[in-house]
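Sequential numbering of the sequence shown, starting at 15, is according to this note's numbering.
Since the structure comes first, as structure tokens, the remarks are kept for the end.
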Amino acid sequence: MSKVAVIGGGISGIASAYYFNQHHIDVDLYDAAESIGGRIGSGFLGDFSVDFGGKNIGRKYKRFRRFVSDFGDLPFEYFGFNTSQVIGGKVIKINKEKAGLYSLMRLFYLCGLKGFIRLYPLVQAVKGDYTQGALNSSYFNDVADQNDHHSLSLFFGKRCSRYVIRPVTVRMNGAEPEECYPGNFGSNLALALDSYEQLQGGMSGLLQAFSAGASSTRIFTGYNVHRLEFDSSSSNVNLICYNKAKSKELKYKKVLLALPAKDASLLFKYSLPGLSELLEKVVYYPVAVAIAKYQKDVFQSDLRAMVFDNSSLLSNAGAYGINDLDLVRYTFSGIASRKLITSETNPEKVISIAEKIIEKYFNVKGNKRENYVYKYLDPGLCAYSSYHYKLLEKIDHILDPFCNIGLTGDYWRGASIEACFRSAEEAVQKLIYKNAPQA
Numbered sequence: 015m016s017k018v019a020v021i022g023g024g025i026s027g028i029a030s031a032y033y034f035n036q037h038h039i040d041v042d043l044y045d046a047a048e049s050i051g052g053r054i055g056s057g058f059l060g061d062f063s064v065d066f067g068g069k070n071i072g073r074k075y076k077r078f079r080r081f082v083s084d085f086g087d088l089p090f091e092y093f094g095f096n097t098s099q100v101i102g103g104k105v106i107k108i109n110k111e112k113a114g115l116y117s118l119m120r121l122f123y124l125c126g127l128k129g130f131i132r133l134y135p136l137v138q139a140v141k142g143d144y145t146q147g148a149l150n151s152s153y154f155n156d157v158a159d160q161n162d163h164h165s166l167s168l169f170f171g172k173r174c175s176r177y178v179i180r181p182v183t184v185r186m187n188g189a190e191p192e193e194c195y196p197g198n199f200g201s202n203l204a205l206a207l208d209s210y211e212q213l214q215g216g217m218s219g220l221l222q223a224f225s226a227g228a229s230s231t232r233i234f235t236g237y238n239v240h241r242l243e244f245d246s247s248s249s250n251v252n253l254i255c256y257n258k259a260k261s262k263e264l265k266y267k268k269v270l271l272a273l274p275a276k277d278a279s280l281l282f283k284y285s286l287p288g289l290s291e292l293l294e295k296v297v298y299y300p301v302a303v304a305i306a307k308y309q310k311d312v313f314q315s316d317l318r319a320m321v322f323d324n325s326s327l328l329s330n331a332g333a334y335g336i337n338d339l340d341l342v343r344y345t346f347s348g349i350a351s352r353k354l355i356t357s358e359t360n361p362e363k364v365i366s367i368a369e370k371i372i373e374k375y376f377n378v379k380g381n382k383r384e385n386y387v388y389k390y391l392d393p394g395l396c397a398y399s400s401y402h403y404k405l406l407e408k409i410d411h412i413l414d415p416f417c418n419i420g421l422t423g424d425y426w427r428g429a430s431i432e433a434c435f436r437s438a439e440e441a442v443q444k445l446i447y448k449n450a451p452q453a
């Protein structure tokens, strides 16, 4: 196969280039930003590189860990699962480092009877077969058929939704339980049931290793691809893009779009409007992330994070690393944050509000903030759609006649890094071996 184009330099695009290269296919990787990484991109606190997203790597991330191994086998360090929330005025610790029976009893307490009865079989399904912990899996497609006329909040009940489900959905999807659906929840459970490590050098070190070591991938940053056209006479896909304010037209035999569905929809607005409309149905919610460095430790070693309810614009505050107790990662997602935070909101104001929220529980009052980095993302986190697998089937049906275009991204198998790698691997295989004539 001749060289292919991958549009999107986030984790899905990087994974796509990796899998094409494994098939000895050269890739031109395009991204609108000035550096690759997308939502897993990094910033600097002085000389210290920090990751805005994707920093926690599950032990079950087999595809991603193989990728890491191929680009220098970078070392991991333990991160664990340690958080808390306030229930009835008391701080309730949620710690996977505790014994199994303790964790089960705590889960039952937080869920209530109805929620536990609903949640337990779903947990067992994913624990029994980890591949079910993804979008468009057979078990959860059956769950969708029976239950996606209701949201997660109705499915699990009020108590379970408030104390167990919301901390998961607001962090992973930027969404309230009222905005999520049972048929997609396997992708959340796969993350909740895993245990985590971090790359010692952060994601920035891995991105640098990929950029330097992927000899069969050429990376083009600052290329904003805004339209796709199909040339029926040559079977080419024409990419219409801007680079440094100049319009360019690029031609490829095969193109894989590794973008958020909202961004991908814009590229098909004129060439395949029906596909564009379907991609618009995938829901995304904005998210803001701040990482702040303080003079003294903010957290204690046995209490390193806290999640907050839907009245708070702050959804989560946690230690950046297991030993980085003076480094706070603030996440702003969910319905309250959407009402108060936009791309125009002053980051200093946002962080100051967050500090007021957590000062009752953690050491920020009188603790000098030395530096911070901040990022607002829209589209931010993917919340999919009701009966999502049926939407994916419709998208596939439109794409079926085309042997020269493919799609991948966080809306195919789920938003985790491993799910994005799985989706990319499947999309690459499909595009390579798809040779049907173009309609």
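C-beta: ideal position from N, C-alpha, C; glycine also.
These numbers were taken from a predicted model, which means no experiment stands behind them.
In the displayed model, residue 145 falls within a helix according to three-state DSSP. Under the three-state reduction of DSSP, residue 125 is assigned to helix.
For residue 224, the uninterrupted alpha helix (DSSP H) segment begins and ends at 216 to 227. Take residue 109, set aside five residues on each side of it, and the residues of its chain with a beta-carbon closer than 6 angstroms to its own are 96, in chain order. Between residue 394 and residue 188, the C-beta gap is smaller than 8 angstroms, which places the two residues in contact. The segment 224 to 237 makes no contact with the segment 401 to 419, as fewer than three CB pairs between them are under 8 angstroms.
Inter-residue distance for residue 194 and residue 348 is about 12 angstroms (C-alpha atoms, whole angstroms).
For residue 167, the CB contacts under 8 angstroms within the same chain, skipping 5 residues up- and downstream, are 175, 179, 190, 191 and 192 in chain order. Nearest to residue 133 by alpha-carbon distance, out of 169, 153 and 162, is 169. Three or more beta-carbon pairs separated by less than 8 angstroms are not found between the segment 70 to 82 and the segment 289 to 304, which leaves the two stretches without contact.
Secondary structure remark: continuous beta strand (DSSP E) runs of at least 3 residues inside the segment 18 to 45, in chain order: 18 to 21 and 41 to 45. Secondary structure note for residue 288: its alpha helix (DSSP H) is the uninterrupted segment 287 to 294. By the criterion of at least three beta-carbon pairs nearer than 8 angstroms, the segment 79 to 89 is not in contact with the segment 323 to 339. The beta carbon of residue 77 is closer than 7 angstroms to those of 432, 435, 436 and 439 in its chain, skipping five residues each way along the sequence. Annotation: the segment 270 to 355 contains the following complete segments of the beta strand (DSSP E) (minimum length 3 residues), in chain order: 297 to 308, 319 to 321, 330 to 333 and 341 to 346. In the three-state scheme derived from DSSP, where H, G and I count as helix and E and B as strand, residue 168 is classed as helix. Comparing C-alpha distances from residue 21 to each of 240, 210, 37 and 372 shows the shortest one belongs to 240. The beta carbon of residue 135 sits closer than 7 angstroms to no other beta carbon from its chain once the five residues preceding and following it are set aside. The segment 307 to 326 makes contact with the segment 336 to 345, as at least three CB pairs between them are under 8 angstroms.
Around the beta carbon of residue 357, a 10 Å sphere encloses fewer than 16 other beta carbons of the protein chains shown; the residue is thus reported as exposed. One Cα belongs to residue 25, the other to residue 199, and the distance between them is close to 22 angstroms. Here residue 60 is exposed. Its C-beta has fewer than 16 other C-beta atoms within 10 Å. For residue 273, same chain residues with a beta-carbon under 7 angstroms away, outside a window of 5 residues either side, are 21, 22 and 423 in chain order. Here residue 218 is not near residue 366, since their CB atoms are 8 angstroms or more apart. When the beta-carbon positions are compared, residue 345 and residue 49 stay at least 8 angstroms from each other. If you look at residue 240, you'll find it in the beta strand (DSSP E) that goes 237 to 245. Take residue 120, set aside five residues on each side of it, and the residues of its chain with a beta-carbon closer than 7 angstroms to its own are 108, in chain order. Sequence-distant Cβ neighbours of residue 412 in its own chain, meaning closer than 8 angstroms and more than five residues away, are 286, 288, 289 and 292.
In this chain, the beta strand (DSSP E) harbouring residue 63 covers 62 to 65. Between the alpha carbons of residue 164 and residue 399 lies a gap of roughly 12 angstroms. Under the 10 Å beta carbon count, residue 418 is surrounded by 16 or more other beta carbons and is classified as buried.
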